[in-house]
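**Student:** Quick note on the numbering used here: the sequence shown kicks off at 30 and runs consecutively.
Where a beta carbon is used, it is the ideal one built from N, C-alpha and C, also for glycine.
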Amino acid sequence: MFTGIVQGMARVIGCEQDNGIMHLELDLPAAHAEQLALGASVAINGTCLTITEFNGTRVTFDVIDTSLELTNLGQLTLGDQVNFERAARIGDEIGGHLMSGHILCQAEIIDISSEGNNCSIRFATPKEAAAYLLPKGFVGLNGCSLTLVDVDAESFSISLIPETLKQTTFGLLEIGDRVNLEVDPQTQAVVDSVQRYMALNQPSTC
Numbered sequence: 030m031f032t033g034i035v036q037g038m039a040r041v042i043g044c045e046q047d048n049g050i051m052h053l054e055l056d057l058p059a060a061h062a063e064q065l066a067l068g069a070s071v072a073i074n075g076t077c078l079t080i081t082e083f084n085g086t087r088v089t090f091d092v093i094d095t096s097l098e099l100t101n102l103g104q105l106t107l108g109d110q111v112n113f114e115r116a117a118r119i120g121d122e123i124g125g126h127l128m129s130g131h132i133l134c135q136a137e138i139i140d141i142s143s144e145g146n147n148c149s150i151r152f153a154t155p156k157e158a159a160a161y162l163l164p165k166g167f168v169g170l171n172g173c174s175l176t177l178v179d180v181d182a183e184s185f186s187i188s189l190i191p192e193t194l195k196q197t198t199f200g201l202l203e204i205g206d207r208v209n210l211e212v213d214p215q216t217q218a219v220v221d222s223v224q225r226y227m228a229l230n231q232p233s234t235c
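#1: Per DSSP, which residues does Glu137 bridge with? Please list them.
#2: Using the beta-carbon count (16 or more within 10 Å), is Ser222 buried or exposed?
#3: Using 8 Å as the Cβ pair cut-off and three pairs as the minimum, do the segment 74-84 and the segment 133-148 touch?
#4: Based on the DSSP secondary-structure assignment, which residues constitute the bridge partners of Leu170?
#5: So, for Ala62: in the same chain, excluding its five sequence neighbours on each side, which residues have a beta-carbon less than 6 Å away from its beta-carbon?
#6: Between the Cα of Pro155 and those of Asn147, Leu163, Gly172, Ser184, spot the shortest distance and give me the residue it belongs to.
#7: Report the option in Gly166, Glu54, Ser149, Leu170 whose CA atom is closest to the CA atom of Leu107.
#8: Secondary structure at Thr22, three-state DSSP: helix, strand or coil?
#9: Return the bridge partner residues of Ala153 from the DSSP annotation.
#10: How many angstroms separate the CA atom of Lys165 from the CA atom of Leu65?
#11: Where does Val248 fall in DSSP's three states?
#12: With DSSP as the reference, label Gly43 as helix, strand or coil.
#13: For Ile34, which of Val220, Val168, Leu229, Ile50 has the nearest alpha-carbon?
#14: What first and last residue would you give for the beta strand (DSSP E) that runs through Ser70?
#15: Keeping to the same chain, check which residues put their C-beta closer than 6 Å to that of Arg207; ignore five residues upstream and five downstream.
#16: Whole angstroms are fine: how far does the CA of Leu170 sit from the CA of Arg40?
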């Protein structure tokens, strides 16, 4: 599990694809490359990946075809920066909200506006996520736990403080870029349960 509090950015130093799998190699900041282990989970742009090899600050993951299609990891090139968060441990502070690292879809940036120290980013609402995006609710975007500011049928927005822009890739993104989206699992469970209940209890038209 993850908390949605991104620990920093890592640089892509390898992204070779072979028979539907990408061998993704990242250079982690030294402070976050301690006590690594084969099989450990790390969220990369919010996507839960498994460490397959490591040497110092260099860490390798295998990204399967499903993840390449569903997330923005398949669009990475050498030198790109990605958000990372190592898996939460029992006793860690949960500063964001619990996240699984299972991406639902991608959302495209349609507007970026800044005023003073405030930055607002608006995204087109993906059809598959629309039911789960609620005003003041939580959403995971490229691994960041964020609060939704404004939501309508076509789009939604978030506001970012300078520290978030500094510590994550959000300060590098542009209009047209796509970010990985994970909905709040509690919201998803409630919405799905209500929809199933309503579908099963619709009055008969016979």
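**Tutor:** For this structure:
#1: Indexing the sequence shown from 1 puts residue 137 at position 108. Checking the DSSP bridge columns, you'll see Glu137 partnered with Arg207.
#2: Taking the sequence shown and counting its residues from 1, one reaches residue 222 at position 193. Its Cβ having fewer than 16 others within 10 Å, Ser222 is exposed.
#3: No, the segment 74-84 does not touch the segment 133-148.
#4: On the sequence shown, residue 170 is found 141 positions in, with the first residue counted as 1. DSSP, once it has assigned bridges, lists Cys173, Leu210 as partnering Leu170.
#5: Taking the first residue of the sequence shown as position 1, residue 62 is located at position 33. Non-local beta-carbon contacts of Ala62 in its own chain, meaning distances under 6 Å to residues more than five positions away in sequence, involve Thr86 in chain order.
#6: As a working note, residue 155 is residue 126 in the sequence shown. Taking only the C-alpha atoms, the option nearest Pro155 is Ser184.
#7: Counted from its first residue, the sequence shown places residue 107 at position 78. Answer by Cα proximity: Glu54.
#8: Since the first residue shown for the chain is 30 and the last is 235, residue 22 is missing from the structure and cannot be characterised.
#9: One-based indexing of the sequence shown puts residue 153 at position 124. Bridge partners of Ala153: Ser184.
#10: Translated into the one-based positions of the sequence shown, residue 165 becomes position 136. Translated into the one-based positions of the sequence shown, residue 65 becomes position 36. Rounded to whole angstroms, Lys165 to Leu65 spans 36 Å at the Cα level.
#11: With the chain represented from 30 up to 235, any question about residue 248 goes unanswered, as that position is not in the structure.
#12: The residue you call residue 43 lines up with position 14 of the sequence shown. The answer is strand: DSSP assigns Gly43 an E or B state.
#13: Start at 1 with the first residue of the sequence shown, and residue 34 comes out as number 5. Cα-wise, what sits closest to Ile34 is Val168.
#14: Here residue 70 refers to the residue found at position 41 of the sequence shown. Boundaries of the beta strand (DSSP E) around Ser70: 70-73.
#15: If you number the sequence shown from 1, residue 207 lands on position 178. Around Arg207, the same chain offers Asn101, Gln135, Glu137 as residues with beta carbons nearer than 6 Å, after the five sequence neighbours per side are excluded.
#16: For the purposes of this step, residue 40 is taken as the residue at position 11 of the sequence shown. For the purposes of this step, residue 170 is taken as the residue at position 141 of the sequence shown. Spanning the two alpha carbons is a distance of roughly 18 Å.
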